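With the sequence shown counted from 1, adding 15 to any position gets you this note's numbering. No residue lacks a Cβ here, since even glycine has one placed at the ideal position from N, Cα and C. Remember, predicted model here, so these are calculated numbers, not experimental data. To start, the structure under review is shown below, and the notes come after it.
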Amino acid sequence: MGWMVCLVDITESYVHLTVLVCFAIYKVVKNMPRSKLGVKRHAVNTDNLVSALKRCVSAEMSIREAARTYGVSKSTLIRHINVFKASGASIFKYSANNNAKQVFNNGEELILEKYLITASRYYYGLTKKEVRCLAYQYAVANNKKYTHFWNTQNAAGKEWIRQFLKRHTNLSLRKPEAISLARSTRFHPVETSHLKKVWNCDETGVTTVNVPPKIVGPKGIKQIGQITSGERGVNVTIIAAINAILTISHP
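Here is the structure:
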């Protein structure tokens, strides 16, 4: 029986060690930076593409033969031929379409970028999850084509927000500082633009005869005098004002 108890203890220790190792591997893999190794496509030779398209449009070559002769992808050649025929132009001009799978065009993404910056300046910045939800609502409102996965979560995918931040280098994930509502309302850009209108006015009384300071004199004398411009002066009231941006008015 002793060897059975020993075997059970060894098995439990082995299982416990296996669980710890798996958990450690999971944490390491989870915290590793994501790297996507996709298929790197060769750059399109513009001259060969134009020559192949001209031969196909003029019916001098078939699409398969032109693609093989000029070393151009057949699907790429077909796509450009269809675009050229649909445009009705007489001269073909190649234009790269690197953002073919983007949900939003450059102008729409610029609007999103400006909105996020403005919200951050008003101390109401959006989290990554909130940005994804905003992108989904924006895509639905503008009838954009997106993957059906967005509909399951009512938000854009994690890959979209990752690529969006890569394309817009002015944005980054920041840790905000906690600011109370009272402070935000007092030092808001809209409020601080009116600081020049906030004035503080105060008055003080000044006499035309200066008060003599204390002097060193002999003891035992009840009263001691000091020469001034006059014995009795006139009390003058002076009013001065200053605003919140340190603009001082003349007294």
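By DSSP, does Glu218 sit in helix, in strand, or in coil?
-> Looking at Glu218 - three-state DSSP - the assignment turns out to be strand.
Whole-angstrom C-beta distance between Thr243 and Pro227, which should lie under 8 angstroms | Correct: roughly 6 angstroms between the Cβ atoms.
Give the DSSP-derived three-state secondary structure of Ile185 in the structure shown.
-> Residue identity check: residue 185 is Asn in the sequence provided, not Ile. Here Asn185 sits in coil by DSSP.
Determine the DSSP secondary structure at Thr262, reduced to helix, strand or coil.
-> Of the three classes helix, strand and coil, the one that applies to Thr262 here is coil, per DSSP.
Are Ala67 and Leu92 closer than 8 angstroms when you measure CB to CB?
-> Between Ala67 and Leu92, the CB-CB gap stays under 8 angstroms.
Let me know the secondary structure DSSP gives Ala255 once reduced to three states.
-> Note: Ala255 maps to strand in three-state DSSP.
Around the C-beta of Val118, are 16 or more other C-beta atoms found within 10 angstroms, so that it is buried, or is it exposed?
-> By the C-beta density criterion, Val118 is buried, having at least 16 other C-beta atoms within 10 angstroms.
When DSSP labels each residue in this structure, what does Asn121 get in the three-state scheme?
-> Asn121 falls in the helix class under three-state DSSP.
With DSSP collapsed to three states, give me the class of Gly248.
-> Coil at Gly248, not helix or strand.
If His183 sits next to Glu128, beta carbons under 8 angstroms apart, how far is it from one beta carbon to the other, in whole angstroms?
-> About 5 angstroms; that satisfies the 8 angstroms criterion.
Whole-angstrom C-beta distance between Leu141 and Ala134, which should lie under 8 angstroms | That pair is a contact at about 6 angstroms.
Where Val213 falls: helix, strand or coil (DSSP) = In the three-state DSSP reduction, Val213 falls in the coil class, being neither helix nor strand.
Could you name the residues of the same chain whose beta carbon sits closer than 7 angstroms to that of Ala171, not counting the 5 residues immediately before and after it, in chain order?
-> Exclusion of the five residues before and after Ala171 leaves Arg147, Ala150, Tyr151 and Trp165 as the residues of its chain whose Cβ lies within less than 7 angstroms of its Cβ.
Should Val87 be labelled buried (16 or more other beta-carbon atoms within 10 Å of its own) or exposed?
-> Counting other Cβ atoms within 10 Å of its Cβ, Val87 reaches 16 or more and is therefore classed as buried.
May I have the straight-line CA-CA distance separating Trp175 from Tyr161, to the nearest angstrom?
-> Straight-line measurement puts the Cα of Tyr161 at about 10 angstroms from the Cα of Trp175.
Go ahead and pull the three-state DSSP assignment for Lys237.
-> Reduced to three states, the DSSP call for Lys237 is coil.
Return the first residue and the last residue of the alpha helix (DSSP H) that Asn97 is part of.
-> Residues Lys89 to Ser102.
Return the chain-ordered list of same chain residues with a C-beta closer than 7 angstroms to the C-beta of Asn215, the five sequence neighbours on each side being excluded.
-> Answer for Asn215: Ala256 and Ile257, listed in chain order.
Nearest-angstrom Cα distance between Ile78 and Lys116?
-> CA-CA distance, Ile78 to Lys116, rounds to 25 angstroms.
If we ignore side chains and look at the alpha-carbon of each, how far apart do Thr223 and Gln241 end up?
-> Distance between the alpha carbons of Thr223 and Gln241 is about 16 angstroms.
By a C-beta neighbour count over all protein chains shown, 10 Å radius and 16 as the cutoff for buried, is His95 buried or exposed?
-> His95 should be labelled buried.
Distance, Cα to Cα, Lys211 vs Ile263?
-> Cα to Cα, Lys211 sits roughly 11 angstroms from Ile263.
Sub-8 angstroms separation of Val213 and Ala156 beta-carbons = The answer is no: Cβ separation not under 8 angstroms.
Beta-carbon proximity list for Lys144, same chain, < 8 angstroms, skipping 5 on both sides | Taking Lys144 as the centre and dropping the five residues before and after it, the same chain places the C-beta of Ala170 closer than 8 angstroms to its C-beta, in chain order.
Option nearest Ala193 by Cα separation, candidates Phe179, Asn250 and Tyr138 = The residue with the shortest Cα to Cα distance from Ala193 is Tyr138.
Could you have a look at Ala82 and say whether DSSP puts it in helix, strand or coil?
-> Ala82 falls in the helix class under three-state DSSP.
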